[in-house]
Amino acid sequence: MKLIKPFRGVRPPRNLANKVASHPYDVLNRKEAYEIAKDNPYSFLHINKPEVDLDHQIDPYDKEVYTKGKENLMKFIQEGTLQRDEEDNYYVYKQIMGAHEQIGLVAVASVEAYEKNLIKKHEFTRPDKEDDRVNHMTSVG
6 MKLIKPFRGV
16 RPPRNLANKV
26 ASHPYDVLNR
36 KEAYEIAKDN
46 PYSFLHINKP
56 EVDLDHQIDP
66 YDKEVYTKGK
76 ENLMKFIQEG
86 TLQRDEEDNY
96 YVYKQIMGAH
106 EQIGLVAVAS
116 VEAYEKNLIK
126 KHEFTRPDKE
136 DDRVNHMTSV
146 G
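The sequence shown begins at 6 in my numbering and counts up one residue at a time.
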């Protein structure tokens with residue numbers, strides 16, 4: 006059984022990478038995300054925190070939020086803000102937040118390997134946040 010394998014990712018062209026890059030969805034509250042995204046139509050926050058594009062009264066877990074995320078993803082792809090790679094790849098990334106720096110790998114992982122504890126699980130997560138991300142990924146794709 007393979008633990009991981011490459012995949013065809015979707016990412017911005019180099020000239021838009023700085024405009025698309027955003028904070029992780031869970032480090033910004035709604036107001037902070039809105040302030041960052043309102044003047045940047047390329048911000049990935051329009052996809053992973055799509056409530057920034059909806060009425061401020063809407064519940065962030067409302068189905069309309071997830072639908073808006075999918076609409077925004079499709080728009081980014083149609084307009085070329087995000088482009089699908091032609092070949093399968095592994096993606097290495099680096100995140101720097103203050104003095105903390107981490108390097109990671111993005112790949113397709115085996116569910117079976119995860120369930121058998123062959124893949125290290127994430128640190129403790131909150132069930133409500135897990136449910137939100139599952140709903141988001143299921144809706145957005």
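Ideal placement from N, C-alpha and C gives every residue a C-beta, glycine not left out. Treat the numbers as computed from the prediction; the structure is a model and nothing was measured.
Three-way DSSP call (helix, strand, coil) for residue i in this model
{"i": "F81", "result": "helix"}
{"i": "S108", "result": "Residue identity check: residue 108 is Ile in the sequence provided, not Ser. It is a strand residue."}
{"i": "I9", "result": "strand"}
Spatial neighbours of residue i in its chain, beta-carbon cut-off 8 Å, leaving aside the 5 residues before and after
{"i": "N45", "result": "K24"}
{"i": "R35", "result": "K54, E56, V57, H61, P65"}
For residue j and residue i, believed in contact at Cβ under 8 Å, the rounded distance
{"i": "T72", "j": "S144", "result": "6 Å"}
{"i": "R89", "j": "V32", "result": "Contact flag wrong, Cβ pair sits at about 27 Å."}
{"i": "I9", "j": "A114", "result": "5 Å"}
{"i": "H61", "j": "N77", "result": "At roughly 17 Å, the Cβ-Cβ gap does not stay under 8 Å, so H61 and N77 are not in contact."}
{"i": "E92", "j": "R13", "result": "7 Å"}
Start and end residues, alpha helix (DSSP H) containing residue i
{"i": "Y119", "result": "116 to 120"}
{"i": "K134", "result": "132 to 145"}
Delimiting residues of the beta strand (DSSP E) encompassing residue i
{"i": "I52", "result": "That residue, I52, is in no beta strand (DSSP E); its alpha helix (DSSP H) goes 50 to 53."}
{"i": "I101", "result": "96 to 102"}
Close Cβ partners of residue i (< 7 Å) along its chain, the five nearest in sequence each way excluded
{"i": "E69", "result": "L59, I63"}
{"i": "E117", "result": "M6"}
{"i": "D137", "result": "Y66"}
{"i": "Y39", "result": "V57"}
Closer than 7 Å to chain B by CB, residue i
{"i": "G103", "result": "Going by chain labels, chain B is absent from the structure shown, which holds only one protein chain."}
Residues of its chain near residue i, where Cβ-Cβ distance is below 6 Å and the 5 sequence neighbours each way are ignored
{"i": "G109", "result": "Y98"}
Item to complete: Could I get the ranges of all uninterrupted beta strand (DSSP E) runs contained in the region 14 to 38, with 3 residues as the minimum, in chain order?
Response: none
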